[in-house]
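Peer 1: Numbered per our numbering, the sequence shown spans residues 129 to 320.
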Amino acid sequence: METHTLDPRCWRIGRIFARNPLLRRTDRIEAVVTLVALVVALVALPVAGVAGAVVYGARNSVYAREAHQRHIITATVTNAGMDRSAATVVQARWPVVAGERTKVLEVTPAAKVGDRIKIWVDEDANPVAPPTPTWHAVGDAIATALAIFLGVVFWLTFLVTSVRSRLDRVRDAHWEREIRCLQEDGGRTNQR
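(1) Excluding the five sequence neighbours on either side, which residues of its own chain have a C-beta within less than 7 angstroms of the C-beta of residue 332, listed in chain order?
(2) Just to confirm my understanding: we take residue 291, look at its own chain, exclude 5 residues before and 5 after, and list those with CB closer than 8 angstroms. What are they?
(3) Do you know how far the Cα of residue 304 is from the Cα of residue 298?
(4) If the criterion is Cβ atoms closer than 8 angstroms, does the pair residue 181 and residue 269 meet it?
(5) Between residue 253 and residue 224, how many whole angstroms is the CB-CB distance? I'm expecting something under 8 angstroms.
(6) Which residue's Cα is closest to the Cα of residue 152: 312, 256, 200 and 302?
(7) Contact check, residue 249 vs residue 255 under 8 angstroms by CB: the rounded distance?
(8) Would you mind reading off the limits of the alpha helix (DSSP H) that contains residue 280?
(9) Who pairs with residue 194 in a beta bridge, going by DSSP?
(10) Based on Cα-Cα distance, which residue from 280, 288, 287 and 188 lies nearest to residue 267?
(11) Would residue 247 and residue 222 qualify as a contact pair, given that the criterion is a beta-carbon distance under 8 angstroms?
(12) Go ahead and label residue 286 buried or exposed: buried means 16 or more other beta carbons lie within 10 angstroms of its beta carbon, across all protein chains shown.
(13) Less than 6 angstroms between C-beta atoms, sequence neighbours within five positions excluded: which residues of the same chain meet that for residue 220?
(14) Rank 197, 171, 217 and 134 by C-alpha distance to the C-alpha of residue 241 and give the top, closest one.
(15) Based on the DSSP output, what are the partners of residue 233 in its beta bridges?
(16) Could you check where the beta strand (DSSP E) with residue 244 kicks off and where it finishes?
(17) On the three-state DSSP scale, how would you describe residue 207?
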């Protein structure tokens, strides 16, 4: 049976201040780099949250403004055009403050001359796409926060892995030198 302890001296990060004579400088450097990466990741979490909140505020106001400025009106089809996959190109007419407006539109359901269709228009009665629902701001905020946090974590992982790889090469070189010294001295480390 294995026992687990919560003794900080046993943690990797505890190697920074440990007095164990078997710990080398490379072990301490690795522990410091790991600790710095952990702290940066913990700091990046609220920063990503704040960035997500800023994006939410900006997008929510844009989507709310779209919903306020766009509205549905009824237009009459004056000329039905060609079918393109799932959309039909039609010429439609709708009332505006100064008379009527006519424009070529692309509508999803098949429409015939004389049909009444609903279209979205802006304040100037120009046809526009439907307003984006305001709940999309939540998705935009979450995506932004995740992208920032995962980007930071990716680069920290890359940094820690690179440093660890370099330190492993340094450790291997030290081991090779120590083994070579043992072989040359006949297996003794101190000469008297």
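Glycine is no exception: its CB is placed at the ideal position from the N, C-alpha and C atoms.
Peer 2: Reading from the atomic positions:
(1) In the structure as shown, the chain starts at 129 and stops at 320, and residue 332 therefore has no counterpart that could be examined.
(2) The answer, listed in chain order, is 157, 158 and 161.
(3) The alpha-carbon atoms of residue 298 and residue 304 are separated by roughly 10 angstroms.
(4) Yes, Cβ-Cβ distance for residue 181 and residue 269 is below 8 angstroms.
(5) Contact holds; Cβ gap of about 4 angstroms.
(6) Ranking 312, 256, 200 and 302 by Cα distance to residue 152 puts 302 first.
(7) About 6 angstroms separates the two Cβ atoms, so the contact holds.
(8) DSSP places residue 280 inside the alpha helix (DSSP H), whose first and last residues are 264-312.
(9) Note: residue 194 sits in no beta bridge, so no partner.
(10) The shortest CA-to-CA distance from residue 267 to any of 280, 288, 287 and 188 is the one to 188.
(11) At a Cβ-Cβ threshold of 8 angstroms, residue 247 and residue 222 count as neighbours.
(12) So residue 286 counts as exposed.
(13) For residue 220, where only same-chain residues beyond five positions count, the Cβ hits under 6 angstroms are 203, 205 and 233.
(14) Per the Cα distances, 217.
(15) Under DSSP, residue 233 shares a beta bridge with 218.
(16) First-last of the beta strand (DSSP E) with residue 244: 244-249.
(17) Here residue 207 carries a strand assignment [DSSP, helix/strand/coil].
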